[in-house]
Structures are given as C-alpha cells and as structure tokens.
Amino acid sequence: MCFVNEIDYGTPASRSDKTVTLTIDGKDVTVPEGTSIMRAARMAGIEVPKLCANDMVKAFGSCRLCLVEIEGRAGTPASCTTPVAEGLKVSTQTERVQAIRRGIMELYMSDHPEDCPACAAGDCEMARMAETVGLKEIRYGREGENHIWPAHDGAANPHFLEPDLSNPYFAYDPSQCIVCSLCVRACEEVQGTFALTVEGRGFESRISAGMNEPFLESECVSCGACVQACPTGALREKSVIELGMPEWSTVTTCAYCGVGCSFKAEMKGEQVVRMVPYKEGKANRGHSCVKGRFAYGYATHKDRILNPMIREKITDPWREVTWEEALAHVAKEFRRIQYQYGRGAIGGITSSRCTNEETYLVQKLVRQGFGNNNVDTCARVCHSPTGYGLKTTFGTSAGTQDFDSVEHADVVMLIGANPTDAHPVFASRMKKRLREGAKLIVIDPRRIDLVRTPHVEAAYHLPLRPGTNVAVLTALAHVIVSEGLVDEAFVRERCEWDAFEDWAEFVLQPENSPEAVEKVSGVPAETIRAAARLYATGGNAAIYYGLGVTEHSQGSTAVMAIANLAMATGNIGRPGVGVNPLRGQNNVQGSCDMGSFPHELPGYRHISDEATRAIYEKIWGVKLDEEPGLRINNMLDAAVEGSFKGIYIQGEDILQSDPNTRHVAEGLAAMECVVVHDLFLNETANYAHVFLPGSTFLEKDGTFINAERRINRVRKVMEPKSRYADWEATQELARALGLNWNYKHPSEIMDEIAATTPTFAGVSYDLLEREGSVQWPCNEKAPLGTPVMHVDGFVRGKGKFVRTAYVATDEKTGPRFPLLLTTGRILTQYNVGAQTRRTDNVVWHAEDRLEIHPFDAENRGIRDGDWVKLASRAGETTLRAKVTNRVAPGVVYTTFHHPDTQANVVTTEYADWATSCPEYKVTAVQVSPSNGPTEWQRDYREHAQKSRRVVHAEPAE
Amino acid sequence: MQHADTEIVSAVTPIIERWRHEEGPLLPILNGIQRELGYVPREVLPVIADALNLSRAEVYGVVSFYHDYREKPAGRHVLKLCRAEACQSMGGEAIAERLQSLLGVKFGETAADGSVTLEEVYCLGLCACSPAAMLDGEVIGRLDEEKAAEIAREVRA
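Quick mapping for you: the protein sequence lines, in order, are chains A and B.
If you count the first sequence from 1, position 690 lands on 690 in the UniProt record's numbering, and the numbers rise without skipping.
If you count the second sequence from 1, position 56 lands on 56 in the UniProt record's numbering, and the numbers rise without skipping.
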C-alpha cells in the first residue's frame, strides 16, 4: 500500500517571474528570483538538513542546521534565509558545515529525551536529523540542566513542564520541544490566530499557548497547523499516540464545509489514524480547521445505524431487516402510493453532503423511476438565491473565482458571512491577505470576528438591521453612480447598456440614497458612502458573501444587487475580484449542478427545454415530465393537504434544518412512506417508516464540488460499514423499482454526467487523477477547467443589470415580538451537528446560546447564562442567554447545532420570492426569562425518544 | 479569561491611550505601566492586546522576554547585583552570599516585610569598578563587606 509523501521545500515558493541560475554541489539550478538556497537545493534534489523550516511559513533561521558554504562569501550562512543570486557556487556538504551541524545536533540531543516515543515511532525529525548529520555520541550527556526529567537526583527539575493534554485532539509535551517556533509561526502565518508565543528567553524559552495557559483555554482554535508543523514529538495528534503511526494514505476531500479541503487520510488498515491537510489541495493549500482535521470520529460512532429498518407507524419501534426486505418494501410502498394517489405523490430530496454521483442518481431515480420532477435539495434552504441571482445577471449559477484569487484582492467586501467560524480555512487565507494590507468592508448585523481580530481590522463595518441588505447594497450603488465611480468602459463593453442605464436611473432615486437608507438600515450614511468609495476605487475588489445574503425574503434580489455592484465597478473577470458565494456544505454546489432542483436538469438546464430533455430521454429510455416538480416546502404543503404521500430523503435532516419545524413535522407525519437514508437516526427519522443506513465520505469513491466550482475527488479508505455506499443503495432501490441500472463504479456515473452536461463534458476520473482537481466549466474550450469565470465576456453574453427595489420583509417587529432574531454557525460545530456533536468538538460548544445585547438583557432582567424563552409567532423554544455587545440592541442571535434547542421551531415560513429559500436570518421574536424547556421541546423529546426504539432482529437460528 | 480589575484598568487606560497610535507602542506602554504601578499585572495583558489588536499570547511573549517587567510589585527598594564574569572574578560570589544573608532573601525574592527585592543582573557596564550593584537605579561600585552592610542598613531603614 502506498503512502502519500509530499516534498517539503523548506521555504515558500517565490512568485517572481525572473529566474536566477546558480550552482549547488556542482549542479546548475535555475529558479525564480527570491527563492531560498534551501528551496533551490531541494528543487535540484538536494536535501539540506533542517529543523525550523518548512515551506508553509517564512524562513526564520533559528535551528542553524541548514548552514552551507558559498564560494567567495565569509562564514556559513543559513540556506533557508539566504536568497539565491546569479552565479553563486553553493556547497551543502563540506566538512566544515558537516562538523558544525554535528555540533549543533549534539547540543539539541543533549536536551532531548533519549527514549523519545515519537523518535521511536518515526514521528520526530530529531532522530532522523541526528542520523542525517552523522551524530554518533552525545559527549555532554543529559544530566546537566535540561527540560527532560521531572526530577533529578531527588530534586524537582524547575525547567520541567508537565504535558498539556487539555486539547481533546492533540498533546503538547514540552520535554520534547526544541523551541524552533515553527508552531508559533504556523499559528501566525498560516492560521492567523496568533495563539502561540515563545515565553521567556534563552534556556528558559518555552512555547506557550495564550498567556501560559492550557491550549484549550487559550485563543487556540485547534486547526492543527502547529501539530503539522512541529518537527519533534512535542505536538502530536492523540490519535497517533494511541494508534501508532499510519501505514498507508490516500488523498480525499473533507466532507464538512464548502471550502472543500484536500486531506491525506492516513490509515492503519481500515482505521483512520489522522487526517493531514494536503499541500497540493488547491482549495486549502495545506491548511485545515478543527472539523476536517480532527472531527471525523462520527464515522465510527456507536450511534451509527448499520442495518436497514422498517416500521408500520412512526410510533412503533424500529425493526431491523435485510437490505433486500427494506428495498422491496420501499419499492412496493412507492408504487402503491403512486397507484393510489397519482404519479406525483412521491418525491426525493438529494443531499449536499453526498457526492455528485450520488446526487445525480437520486434525481435520476426521481425523474426516470418516479416519473416526475419532485426532487429538491437542501440548497433550497441556503444558496438557491445565488443560483437564481447569478444566473440572471452573469449567466452561471456559481461563484466567479477560485480561492487563490483572494491573494490578489486589494479590497474584500464581506456580506452576511462569518468565514472564521463557517469557512475557517478560507478565512485564514483571507486574513493572510488582509495582513498584507488589503482593506476589509464587513456588512453584517453582528460584529463578527473579522471586524476586529489580532492583526486584522475592517476599514468599515456596516452593522445593518437584519432584513435590509437590499437597501444597503442599493445605497452603495447609489453612491457609486452618483459620484461617478462607475467603470463605464467595462460596462459599455461587457454589459447590456440599456439595462445599465435603467438601473442607474433606478439607483439614483432619492429613496436609495445613503441618507434615506440610514433610516431603515440603521447604518450611518457616511459609512455607506465611505464603504462604496473604497469598494469602487480601492483596486481589485472582491465580494464574498454567505447565507446572511441569501436566507431572506429578498435573497435573490440581494444577490443581484451584489452582481450589479461588481459589474458597475468592473470587478469581474480577473484574479482578485469577483462575486463569491461561500457555500455552506461540502457539496452544495455540486448538488445544485447535478440537477437537484425540480425545474432543472444537470447543468442548470430548464426542464421545459426540449433539447435537454431529449438527451436524457435517449439514454434513460423514458419520457420526462416537462413540468417542474414540487419544491421541499411544496411537498410538505401537499402532504398536509393529502396529495403527497411518500419521500426518499438522502442525507438530510429537514426536520432540524428547515424552517418552521412544526410545519415540517406535520407534513412528514401526514405521509405514508418516509424513507430516510442517513448515518444516524436523525430528527427527520423520527417521522420515517423506512431507514436505510448511509455511508460516510470515508466509505466511498466520488466527487464533491466546493464553493469555487472545484471538482475534488473523494476516495474510499474503508468498506461501507452498512454494506452499501450511498450510490449503491440508491442503485439497489432503483433496481427494486425495476430500473436497469448497472453502475460498477462512481466513475461510470461521472462519465454519464460528462456525456450529458456541457459544463462537465471534459470531466473524467482519469482527468481528476492527473490534475488533482478541476473547476467547471471543463470542456473543449477549457480542457483543464476554469479558475476565473467571465474573463473575456459573460457566460450569458452581456452582463445584465437588474433593478433591486428594497421591499421590507413581512416579518416585522412589533410590541409582541420586538427583537429580530438572526442565526449562524460556530467554528467547532457543523450545521445541525449530527456529525460534530458526535465528536470531541462538544468541549467547545456544548449547547446553543442566545446572544443578546446588554441593554435588551437588562430590560428583561436577563443575566449571562440564564435560561430564556425565545418566542416568535411560529413557536417558542428555550435556551441559555449570552449577554454580549457583538449584537446590536434590538438584535438577538443563535446557532442551530443542537436538536434540543430547535431554533427552527421559531423561524417562520417566509421565504425568498424567487426561490423559496427560507428567511432564516430574520425572525421577529420576544425573549423572556424562563425556567425550563417549552412544552414543544418536552413533547418533542419524548416523541424522539420513543421513535428511536429499535427491536434487534434475533439471529436466524 | 479572568476579567481585569477595574481599578487597575482605569490606571493603565491613560497609558495605553497615550501610546496606542504611535509606532511600536507595546514597549512604551509596558514601560509606562511598570513605572506607574511598579509591575505589569497579568490581567492588563488582555487589555493591552485588545487595544493594540494583538493576541494576548503575543503580549505575553514580549512581557515574559524582558526580565525587568515584574509580575508582582517589587519591594520598596530594588537591589540588582551584577553576576557577570568581571564581577565574579573580583569576589562577586562572596558579596552575593553576604547580601543574601544580610537581607534574608534569595535572588528573585522580595523580603517578607516588603523592604527590598534582590535581583541578579548580567553586567551593569561597570566592570572597571567590580563587583557592582544598582540600588533603586543608582550604581554602586567596588562592593565590599562594609558597603554591603551599608546597603542592608539603608534598605531596612
């Protein structure tokens, strides 16, 4: 079995296009100007010994092991900090430098444990370097002053520090530490948190988290960058300490957020030993966050259901059955329902957590097997307005850039997104650029971390009232047009001029002026003006936005308002600019691309388009319905009305994640056959009749598409614990329904996607194997994919400006519900928490809290940590309060990671006018002191407990 | 995180405000606080970090690097004795023993009655007058038994 080893060049690559030629150990080497000698040597295949350098952080020159000699120069310079120069003659292996290296290594080893367990396991560079430099003996012994022994000759060693085991995922053992500061620099340069430092000086120098605090109590966000950087065993994954070193590895893609980080899954047999971020991963460039790096334990959690189960009524206990019985049962029930209530009485929901191949199969099952278009996806409830808005204005339903683009941005405008919590790896890349001097504008009701965090400070924060995005965005446009900041040449060449003129006239109307918008949004007019000027004139300006834009009654309008701004200022079509939705889930882009919506076939082609239908009709051998099917909320409505009776839900917990929980519960309860295909008995499964056990991303091959349209490979590292990978289970279900599906491997599904979808025409597993990943469109015109879109022209031809009139949501505050609730995420938890709650991540976030401003809290007699009742006209729930001035007076905020909280009991059915994306981000609420769970929470908990009972099948003997 | 004592915060706020917009403000702020309070209380580090938009780890790293920044208030007098080579060669070791016993404290300690803090330094730049010491900022050269006794009397006064 193979192990993916990546070359460490020692120092980061130089971006210069000028090259320099030098000689290293007699070899001619040509490298970009600014490259270090260490890196140049490695490029020529020569490894210079080192301890304090790696190619993720800037050279530091502290370990002195990488000394070399340069002809004509005095001394022995460190090769990591010495840049190349034309004609240099470098020697890396002279007797002189070898003697120095041995001497240095001898000193290091005199204060490094002889029995270092990491050295023994091969997880510590010290042993390897000692061998490399030819160290034979340690003349000084280890008895002098040292950091190794807790006590010596009966006296306690004042230099000895106990290991810090506070972090659930990694251990810090100071006795093995050589204070090379790689961890400190990784935390600063790569992660951007600055949680680590070197305390003291000289022999007393030690690595300290925070102000000499346990890691868990420090500013550390547990991204793992320090552990990855540590050359010794001082910082090690606890899983490696426990399981030993991995034996084989393969590259795969994280299944959490829409950043889509590439990881090396390092394995021992079928057991994951650790997940290590992959440097060649183009989304993450070798970085990770606490979720992808460490929170994979859910994959083997005891709560996983591994056998199919069925039951008559949702009040019955579950009965374990064979796959054959379960599938036959579903097929029989679905066919019965269709016979009894009509072809349209059943539908399916695809998952943004599953692979493209799996999603494609579910929509194919619905269209080919169910004979209708009743297929929808959870993207409905997050980024459907992005699809609609960007398709209308630009012609594609996706972000315009790759993540690397942020390295070229001069101004970043962040709207309704909280990347440090929800897209942490991208946030780190963005922070790096901001530290280099790019300016930041934040438009968010809440003071998110990026507004002010060590070494990053937003130039402007526009803390708008929830629900007023469109007003503020149009006011920005007003300033750009009225102050003559439009890039007219760009607009004339690239956009529809008539539409632009119409739009310009619209934005200039007095109700769109910053002064008028100040009244509705609460953002000072001067701040709006200043932000608009910075965005329009600050150089390359890039917009990144999240669900704070889309999950509104005017979500689609806001997306178009964003697109208008980018077009008006010419910030489209090159690196460093663009409009970038930060996608929430690993494959939400892919699930949309794969035709998961009731009105669209794969590649965003409308179902009414005959030519497109013909392509599928030909290979699927059926007549497709030309009418769009039902959306999720329509399915639930129809269920309540009695015309929709059966549903196949793959990998989504609609009960917890969709708005107005009680309505969802009512809809599901009215159905006759609810099939849930998931890893766990999720909340939706409480209303299910059939449960099909799902598979994790570790158990299957496939692809995910991240927020930058990047198609990343997911690779199987273990057999599905429940026998079938999800694509296989769907295929078995299709067969049970009489369809002749014979996919042997997901690559064959991708071949079908490529053969039928123009934007994917060039995609194949072979290509992905060769290139690592590609960004769609990938076809004849762009055989290796498209990092930046709309370069020479918009996909739709000319960019289209759209009027974006602000219409206040119907969800208004009043005397009964005077506060506005908005919702979000936290770093360590993910979505409804089904996975992260089943990992040690709960040490950081054990419950959802309601953030409330001190003013509003005091008015209500609420203290920090008190139980409060949160009520809207949809329902009420209880949770504990967190009094903070991160939210403005009048605004409260919570997360929805825990099922006990059920924040979505409170959210309403208001939705985006164009796409029905729910208005999660604005709910009028009241908050009052409380002393316990609400009646709904109690009833629900009782029902949940009852409906999770399982009667285990007796062995058949 | 512990919350800073409001009294201490109000004492350091003017110092932070005085320097925060200057270039390289951290050391002047720490110096100012040490001058004002006689030490740099641990709980002000997050306050400084917040004002300068640094992490508290960074501020801690700087404070811990400089031996002159105290975590706790010093005694009424501070005696620094040079322990570097020149002074050692001129009988510094004996003087060090003598002073420790006269004052009843070891290096790095403050007397129980708060009269004096004894510290080691490595070179006062007074090698020509070894062994040397510095009492409350004033240097004293050519230390001997007698001068040591005098110092002890002075700090006990």
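Built from N, CA and C at the ideal position, the CB exists for glycine as well.
A quick note: this is a predicted structure, and the numbers were derived from the prediction, not measured.
6 Å CB neighbourhood of residue i in its chain, flanking five on each side removed
{"i": "residue 86(B)", "result": "127, 130"}
{"i": "residue 697(A)", "result": "255, 714"}
{"i": "residue 443(A)", "result": "415, 462"}
{"i": "residue 657(A)", "result": "832"}
{"i": "residue 27(A)", "result": "44"}
{"i": "residue 791(A)", "result": "573"}
{"i": "residue 721(A)", "result": "306"}
{"i": "residue 89(A)", "result": "23, 71"}
Chain B within 7 Å of residue i, Cβ atoms only
{"i": "residue 459(A)", "result": "no"}
{"i": "residue 884(A)", "result": "no"}
{"i": "residue 955(A)", "result": "In this prediction, residue 955(A) scores a pLDDT of 48, lower than 50, which makes its location untrustworthy; the coordinate-derived value is nonetheless stated afterwards. By this cut-off, residue 955(A) is not an interface position."}
{"i": "residue 454(A)", "result": "yes"}
{"i": "residue 189(A)", "result": "no"}
{"i": "residue 179(A)", "result": "no"}
{"i": "residue 851(A)", "result": "no"}
{"i": "residue 198(A)", "result": "yes"}
{"i": "residue 211(A)", "result": "yes"}
{"i": "residue 195(A)", "result": "yes"}
{"i": "residue 219(A)", "result": "yes"}
For residue i, the residue or residues it bridges with in DSSP
{"i": "residue 867(A)", "result": "880(A)"}
{"i": "residue 329(A)", "result": "In the DSSP output, where bridge partners are listed per residue, residue 329(A) has none listed."}
{"i": "residue 578(A)", "result": "542(A)"}
{"i": "residue 712(A)", "result": "704(A), 773(A)"}
{"i": "residue 923(A)", "result": "821(A)"}
Same chain only: Cβ atoms within 8 Å of residue i, ignoring 5 sequence neighbours per side
{"i": "residue 7(A)", "result": "42"}
{"i": "residue 936(A)", "result": "662, 875, 876, 877, 902, 905"}
{"i": "residue 62(B)", "result": "26, 27, 30"}
{"i": "residue 22(B)", "result": "28"}
{"i": "residue 200(A)", "result": "206"}
{"i": "residue 813(A)", "result": "819, 820, 890, 924"}
Rounded distance between the beta-carbons of residue j and residue i, thought under 8 Å
{"i": "residue 704(A)", "j": "residue 834(A)", "result": "18 Å between Cβ atoms; not a contact."}
{"i": "residue 737(A)", "j": "residue 334(A)", "result": "7 Å"}
{"i": "residue 645(A)", "j": "residue 346(A)", "result": "7 Å"}
{"i": "residue 54(A)", "j": "residue 87(A)", "result": "So it is not a contact: roughly 28 Å between Cβ atoms."}
{"i": "residue 92(A)", "j": "residue 25(A)", "result": "6 Å"}
{"i": "residue 58(A)", "j": "residue 12(A)", "result": "7 Å"}
Close beta carbons around residue i, own chain, < 7 Å, minus the five adjacent residues each side
{"i": "residue 930(A)", "result": "867, 868, 869, 878"}
{"i": "residue 148(B)", "result": "95, 98, 99, 102"}
{"i": "residue 428(A)", "result": "190, 191, 192, 287"}
{"i": "residue 139(B)", "result": "124, 126, 132"}
{"i": "residue 731(A)", "result": "361, 741, 743"}
{"i": "residue 464(A)", "result": "443, 445, 472, 521, 522, 523"}
is_contact[residue i, chain A] using C-beta, thresh 7 Å
{"i": "residue 58(B)", "result": "yes"}
{"i": "residue 115(B)", "result": "no"}
{"i": "residue 107(B)", "result": "no"}
{"i": "residue 2(B)", "result": "A caution first: residue 2(B) carries a pLDDT of 45, below 50, which makes its placement in the model too unreliable to give a value."}
{"i": "residue 24(B)", "result": "no"}
{"i": "residue 53(B)", "result": "yes"}
{"i": "residue 45(B)", "result": "yes"}
{"i": "residue 89(B)", "result": "no"}
Distance cut-off 6 Å: residue i Cβ against heavy atoms of the ligand SAM
{"i": "residue 934(A)", "result": "Absence of the ligand SAM from the depicted structure is noted, as is the absence of any ligand whatsoever, leaving it without description."}
Item to check | In chain order, each alpha helix (DSSP H) run of at least 4 residues that lies wholly inside the segment 241 to 318 of chain A | outcome: 290 to 294
Item to check | Length at least 3, wholly inside the segment 392 to 449 of chain A: the beta strand (DSSP E) runs in chain order | outcome: 411 to 415, 439 to 443
Checklist entry - What alpha helix (DSSP H) runs, 4 residues minimum, are completely inside the segment 744 to 815 of chain A? => result 746 to 756, 765 to 771
Next on the checklist: Just to confirm the assignment: which complete beta strand (DSSP E) runs, minimum length 3, are found wholly within the segment 449 to 519 of chain A?
Outcome noted: 460 to 462
Checklist entry - Considering only residues of the UniProt domain "4Fe-4S His(Cys)3-ligated-type" (96 to 134) of chain A, which uninterrupted beta strand (DSSP E) runs meet the minimum length of 3 residues and lie entirely inside it, listed in chain order? => result none
Checklist entry - Going along the chain, which unbroken runs of the beta strand (DSSP E) with 3 or more residues stay wholly within the segment 621 to 681 of chain A? => result 646 to 650, 673 to 678
Checklist entry - Where are the beta strand (DSSP E) runs, 3 residues long or more, that stay fully inside the segment 56 to 105 of chain B, in chain order? => result 77 to 82
Item to check | beta strand (DSSP E) runs contained entirely in the segment 142 to 173 of chain A, provided each spans 3 or more residues | outcome: 170 to 172
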